[in-house]
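For what it's worth, the numbering used here labels the leading residue of the sequence shown as 55, then goes sequentially. First up is the structure itself, then whatever we jot down about it.
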Amino acid sequence: MPSRRLPAVAGIFYPAQANLLYDTISQLLAENQRQLACAPKALIVPHAGYQYSAAVAACAYSTLQPFAHTYQRVVLAGPAHRVAFSGLCVPATGIFSTPLGEIPLQAPAALTAQTTLSDLPHQLEHSLEVQLPFLQHILPEFTLTPLLAGHTTASAMAEALEQLWGDSGTLIVISSDLSHYLSYDHARQKDRATLQQILRGDADLDGDQACGAIPIAGLLQCIRQHQLTGHLLDYRNSGDTAGDRQRVVGYAALAYCEEHHDTIH
């Protein structure tokens, strides 16, 4: 029997009761619908508590609904918040569980030089966990390859993502918030510039722009090679979603697919 990673932030970042969690996600998706003419190959989504950022995340995840049967595997990458380490980390465990059930993990066929195998950084990490209920709600069946970024480079992340890229049956999900603890107007200005940079494909990002700067930058390096188009689906910050505008965190939803170019409006 494969070992399991149990939920670390159920009841804190999102509802711990299965029925309430399912209904919450159903409502979020219904209220934040976005449509694309193409099946997304990659998403960028935020990872705060659901009251703060889940409506923005739902804008990205809703684009998967017409294509749900396309995907058999999800590669999920985000920054490590709880444990400091160098390089990238995939878990040794075989299953991630949430209140909605269990997700079987698919380990990489081979690890890159910068990637290690360890459960410790994953045990309490929220950046990946909060994405799982959305994926379970939308996709009928899939395997998961979770990848955490520690102290590393965009090139190392790009190498790992490229190794895991796969065909149209593989979805890449990057988990990242944007600016942290700025005033409402300052955050909007800074985040707008960051989003313009991301949509230009400029991978020279830093941690002041996004806590998942390395995962995003690694994706952007792959995007250039695969010639995918970015679509900005939503931008809000916690001042929009939770009320306090003195110190906000920025959230964006983006999708990438093989289609025409998009711009910020």
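Cβ atoms here follow ideal geometry from the backbone N, Cα and C, with glycine treated the same way.
How is residue i classed by DSSP in three states: helix, strand or coil?
i: aspartate 288; result: strand
i: alanine 93; result: coil
i: valine 110; result: helix
i: serine 187; result: Looking at the sequence itself, residue 187 is proline, so the reference to serine does not match. If DSSP states are grouped into helix, strand and coil, proline 187 belongs with the helices.
i: leucine 75; result: helix
i: leucine 308; result: strand
i: histidine 123; result: helix
i: leucine 60; result: coil
i: glycine 155; result: strand
i: threonine 224; result: strand
i: threonine 283; result: strand
i: alanine 102; result: coil
Pop quiz: residue i and residue j are said to be a contact at Cβ under 8 Å. What is the actual Cβ separation, rounded to whole angstroms?
i: proline 140; j: histidine 205; result: A quick correction: the sequence has serine, not proline, at residue 140. Going by Cβ atoms, the distance from serine 140 to histidine 205 rounds to 5 Å, so yes, they are a contact pair.
i: leucine 273; j: leucine 287; result: With a Cβ gap of about 16 Å, leucine 273 and leucine 287 do not count as contacting.
i: glutamine 109; j: threonine 295; result: A quick correction: the sequence has alanine, not glutamine, at residue 109. The pair is a contact, with the Cβ atoms about 6 Å apart (cut-off 8 Å).
i: glutamate 183; j: alanine 62; result: 6 Å
i: arginine 59; j: phenylalanine 150; result: 5 Å
i: leucine 259; j: valine 302; result: Not confirmed; about 19 Å, so no contact.
Can you tell me where the alpha helix (DSSP H) with residue i in it begins and where it stops?
i: cysteine 276; result: 267 to 280
i: arginine 254; result: 238 to 254
i: tyrosine 68; result: Per DSSP, tyrosine 68 belongs to no alpha helix (DSSP H) and is neither H nor E.
i: leucine 174; result: 174 to 177
i: leucine 232; result: Neither: leucine 232 is in no alpha helix (DSSP H) and is coded neither H nor E.
i: serine 209; result: 208 to 218
Using a C-beta cutoff of 8 Å, does residue i count as contacting chain B?
i: tryptophan 219; result: Note that chain B does not occur in the displayed structure, where there is just one protein chain.
Report yes if the CB atom of residue i is closer than 8 Å to the CB atom of residue j, and no otherwise.
i: methionine 211; j: alanine 131; result: yes
Got a sec, what are the start and stop residues for the beta strand (DSSP E) residue i sits in?
i: leucine 171; result: 169 to 171
i: alanine 134; result: Premise fails: alanine 134 is in no beta strand (DSSP E) and is neither H nor E.
i: leucine 54; result: Only positions 55 to 319 of the chain appear in this structure, which leaves residue 54 out of reach.
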